[in-house]
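Novice: Before I ask anything, here is the structure I am working with.
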Amino acid sequence: MNIMKSALTIAATTVALLVAGTAGATDQQELYTKALAATCANCHGTFGKSIKDGALPSLAGMKSTYLIEQMQAFKSGTRPATIMHQIAKGFSDEQTQLMANYFASQQP
1 MNIMKSALTI AATTVALLVA GTAGATDQQE LYTKALAATC ANCHGTFGKS
51 IKDGALPSLA GMKSTYLIEQ MQAFKSGTRP ATIMHQIAKG FSDEQTQLMA
101 NYFASQQP
């Protein structure tokens, strides 16, 4: 009986550690995504909410597919820009996807 109890304790501890590890990975991914999105704050506002009637658009609430298309257009040079073409080239496709999903999930 003690062997079974020990085995169950080990199994429960292992599951708890795996769940905690997964939660930690999720927290790290969320923090990483927020850090990427924060790089846009100087121009597009905190959480992608720019100043009302400002010169630059808010990113919050935009569809992720649209944001990705625009970043790709900036990156390739097909969309004219003053600085976004340089900024877009600094992000990988994965990073762009993460930021697009983040901004799409924000309330405008």
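First residue of the sequence shown: 1, per our numbering; consecutive thereafter. Yeah, the Cβ is synthetic: ideal placement off N, Cα and C, and Gly gets one too. Treat the numbers as computed from the prediction; the structure is a model and nothing was measured.
My output table needs one value for T39: the three-state DSSP class, helix, strand or coil.
Specialist: Counting from one through the sequence shown, the residue named residue 39 turns up at place 39. Assigned with DSSP and collapsed to three states, T39 falls in coil, not helix or strand.
Novice: Whole angstroms are fine: how far does the CA of I51 sit from the CA of A41?
Specialist: Within the sequence shown, the letter at position 41 stands for residue 41. Within the sequence shown, the letter at position 51 stands for residue 51. Their Cα atoms are separated by approximately 11 Å.
Novice: Cutting at 7 Å between CB atoms, please list the residues of its own chain near S105, excluding the five before and the five after it.
Specialist: Counted from its first residue, the sequence shown places residue 105 at position 105. Taken in chain order, the list of residues that qualify is empty.
Novice: Using only the alpha-carbon positions, how far apart do I68 and G90 sit?
Specialist: The residue you call residue 68 lines up with position 68 of the sequence shown. The residue you call residue 90 lines up with position 90 of the sequence shown. Using only the alpha carbons, I get a separation of about 14 Å.
Novice: With a threshold of 16 other CB atoms inside 10 Å of the CB of A48, please say whether the residue is buried or exposed.
Specialist: By one-based count along the sequence shown, residue 48 stands at place 48. It should be noted that the sequence gives Gly, not Ala, for residue 48. Looking at its Cβ environment, which holds 16 or more other Cβ atoms inside 10 Å, G48 is buried.
Novice: In chain order, what residues of the same chain lie with their CB nearer than 6 Å to the CB of R79, ignoring the 5 residues before and after it?
Specialist: Taking the first residue of the sequence shown as 1, we reach residue 79 at position 79. A73, listed in sequence order.
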